[in-house]
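Have a look at the structure below, then the notes.
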Amino acid sequence: MSEPSLDEVQARRALAQAEAAHKKQPHDLGVQERLARALVGLIDVLLLDGKSVAAVPLAERALAEAKVVLDRAPGDRDGTLVLADAHDRRARVIDELVLDAEIAARLEPNTVPDHLPPDPEDVPAEWRKALELLEPLASRKGDDVDVLERLASIHGRTAIWLDDHARREESFGHHRAALVCAERVARIRPRDHASKGALALAHNALGHHYAEGDQLEDAVRHHDASRALNEWLVRRDPKDSHWRHCLGIDLENLCDACTRLGDQKRALEHAKQCVRVREVLCARRDSTAERRSQLADAHRDVAELSMDLSDADQALPHYRAMLGILGELAAERPADVDLQFRLADGQLVLGYALEDQGKLRDAVAVYRTALDTDSKLSQLEPKEARWRANTAHCHLCLGLVLLDLGDADESATHADLGLSILTAELGQRRDDRGLLNDLATFHGELARAFANHGMSDLAIDHHGAAEAIDRRLLELDPTDKDALAGLAATYDALAELHEYRGDVEDALRCSREVMRADERLAASDPESVEYRTRLAQATIHYAHALLSAQQPAEAQVELGRVGDQLARLARLVPKDDGVRTLRAQVDRVLGETLRELGETDAAETHMKRALDAVRAAIESAADPKPYFLHETEALESLGELRLELGRAAEARDDLEQALRRRRRAASEVPDDAWAQRDLARTLDALGDCYEALGELDEAQRVRAESARITDRFGEP
């Protein structure tokens, strides 16, 4: 048993004095009430000190003593208040006991408890009894602050309890009642700090309620109201750390809600303000490790939002500040697993950010540090599989960056180490779905990296391994949509690789498998726009593969099927730009098919229609960037057809526009082999066009540029 705190000593002394007075004057109503209040006061202290078990007999006794007061003076205001307080404290004690029992059951699931935990429903039942006592008092005298404060507190606690137990419909009325009562108190005491704080708390709780129900605009409104109140309190009492801490919580909540709304800029401003608030708190003498940890979280929010807004220069200092704080905390508490994990995770995200900025050697250094941190985690908890999975992921990150740096040998070493860790784990847990997913992802990442570096044999091997794992996942659960989507993605990547290598039959086979997987997904949820869109896209790709395999008639049949699929999609989302873009892709591939069949006039009509549809989508879209690739492909198809028809001047205009798009796309990912090869292919087509027009210098210039790209990234 821990030593009692000073507050507990004082509360027990007050109880002893009240008991002594009651012994001398057992029939005095004021003394009886004093005894009940002393019991309530001691319960408050014990709950704050985490001694809920010790508070159990006191809660029962407080209830009994408070009932005596009201029995002797029915309707008495003070007696009603103390009995309501006793019901409230009994509810809180029961709630703590239930929570303790749940935690014990999670930590020791096979241990039989010494005694049965109380019924959780007793918690709201006790609060209902308290509200039944207080509400008549409030209706008799509407400006009784003591009554209103208790009503606000108990309605608020009831609402939060109901939210925590997934009873949102019941909780909303309590949230509103808590807010109304808190507003009435704040109007009666407009300068009182505690009243403002209680009102801020009510707004904050209602904001959380709305956020959990995805009513994000309402959530922002209430969190912002709480922020304004806490800012007022900070201005009035700048030395009080509590109000500043509450302001930090408001800013975190606003940041989260704005992020979920898609308003990253506003979220970033709130995150920056939160950093400033947390920095002030951490600079004070009473700063704690928890506050420093909260500052680290605030720095991470700023960093991640900055990365979302493509501002790596702003993100990196905040990532480093986060790691500096977490590193200090981890050094102070080296056995704290949670801290070590947060440090390792933070090191990984800093590595990702450095990669995005092209600082690959810095990323390597950070990933090596993350490996050291994961090693400490494994030493702290040798049996914890998560730490071994983290270590494998670090090896993967190192392997991928080292491959980009040209160190193929060390890259292979880290890739093999990561794979060996996961494979060894799989030997012990053959049907572990999470582990199988990790391993499939690992193989997929390696395959994409090898493909990007022109190492297609290795890429195909790793995609094959990922395919086998996806099929194993489907054996375990044939309805696993994630595994089906993973299988489709693997075959899609294989089809692209085989097409690049000129393996037409293999590309066709893989495209067919993509379509089959997406057909199963669409059948699992016929109303899903996402799955129907995937199926339409897969069918378009399959038609393109048929065209590459010199089967234009079969391609035309498949494109007819896509038309039916798009008609169903149009009924589900009649104004969707994505559906319009799919129609454009169908027109483009159908144009290429008709070109192969010799129907050049019809081919040109479809290609022009494809280009017009994509450009219409670009004009109407809030973010046109996703449609630029489709515009580029439509321009290239049209340009190549017009060149074939002897209309080189028109072809040049089309291909020069396509080239501008290809250059921009390639400049955004300068090390991406696929983007660079696409650029080279467009340059080659434009070179043919210049040659047909007799512009030989221009033809030589673009072909030389294409050759430089091909020397580095391989044939387009």
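For what it's worth, my numbering labels the leading residue of the sequence shown as 170, then goes sequentially.
Cβ atoms here follow ideal geometry from the backbone N, Cα and C, with glycine treated the same way.
- Taken atom to atom, the span from the alpha-carbon of GLY603 to that of ALA620 is near 26 Å.
- For the 8 Å CB-CB criterion, ALA539 and LEU565 do not form a contact.
- VAL533 and LEU595 have their C-alpha atoms spaced approximately 28 Å apart.
- Straight-line measurement puts the Cα of THR879 at about 14 Å from the Cα of ALA854.
- In this model, ASP687 and GLU668 are separated by some 20 Å (Cα to Cα).
- Shown here, PRO795 sits in a helix according to DSSP, grouped into three states.
- Per the C-alpha coordinates, the member of LYS192, LEU215, HIS196 and LYS193 positioned closest to ARG181 is LEU215.
- Going by beta carbons, ALA231 and ARG275 fall outside the 8 Å limit.
- Separation of the CB atoms of ALA436 and CYS451 is rounded to 22 Å, and the pair is thereby denied contact status at 8 Å.
- The Cβ atoms of GLY382 and HIS392 lie no closer than 8 Å to each other.
- Straight-line spacing of the CA atoms in GLU696 and ALA786 works out to 24 Å.
- LEU862 sits in coil when the DSSP states are folded into three classes, being neither helix nor strand.
- Judged by beta-carbon spacing, ALA561 lies beyond the 8 Å limit of ALA616, meaning their Cβ atoms are not closer than that value.
- Listed in chain order, the alpha helix (DSSP H) elements of length 4 or more contained wholly in the segment 777-859 are 797-813 and 817-837.
- Judged by their CB atoms, THR659 and ASP639 are nearer to each other than the 8 Å cut-off.
- The shortest CA-to-CA distance from ARG429 to any of VAL389, GLN463 and ARG445 is the one to VAL389.
- In this structure, GLY366 sits away from TRP330, with a CB-CB distance that is not shorter than 8 Å.
- The DSSP-derived three-state label of GLN725 is helix.
- The alpha carbon of ALA223 has as its nearest neighbour, out of HIS256, PRO195 and GLU265, the alpha carbon of GLU265.
- Sequence-distant Cβ neighbours of LEU508 in its own chain, meaning closer than 7 Å and more than five residues away, are LEU495, LEU498, ALA499 and ARG502.
- Inter-segment contact for the segment 197-211 and the segment 233-252 is present: three or more beta-carbon pairs are separated by less than 8 Å.
- Counting along the chain, no alpha helix (DSSP H) covers PRO503, and no H or E run does either.
- Secondary structure note for GLY244: it is in no alpha helix (DSSP H), with a DSSP letter that is neither H nor E.
- Under the 8 Å Cβ criterion, the segment 815-827 does not count as touching the segment 788-795, having fewer than three qualifying pairs.
- Per DSSP, reduced to three states, the secondary structure at LYS545 is helical.
- Distance between ARG405 and VAL535, taken at the CA atoms: about 44 Å.
- Excluding its 5 nearest sequence neighbours in each direction, LEU804 has C-beta neighbours in its own chain below 6 Å: ASP823, GLN826 and ALA827, listed in chain order.
- Judged by their CB atoms, GLY515 and ARG469 are nearer to each other than the 8 Å cut-off.
- For the alpha helix (DSSP H) assignment, the uninterrupted runs of no fewer than 4 residues enclosed by the segment 565-605 are, from N- to C-terminal side, 577-597.
- Closest option to THR851, judged by alpha-carbon separation, among GLY729, GLY808 and LEU402: GLY808.
- Rounded to the nearest angstrom, the gap between the Cα atoms of ALA260 and VAL225 is 10 Å.
- Residue environment: ILE272 is assigned as exposed (fewer than 16 neighbouring CB atoms within 10 Å of its CB, all protein chains considered).
- Annotation: the continuous alpha helix (DSSP H) that includes THR659 extends over 650-670.
- Here ARG689 is near LEU653, since their CB atoms are less than 8 Å apart.
- Taking 8 Å as the cut-off, the beta carbon of ARG846 is found closer than this to the beta carbon of PHE882.
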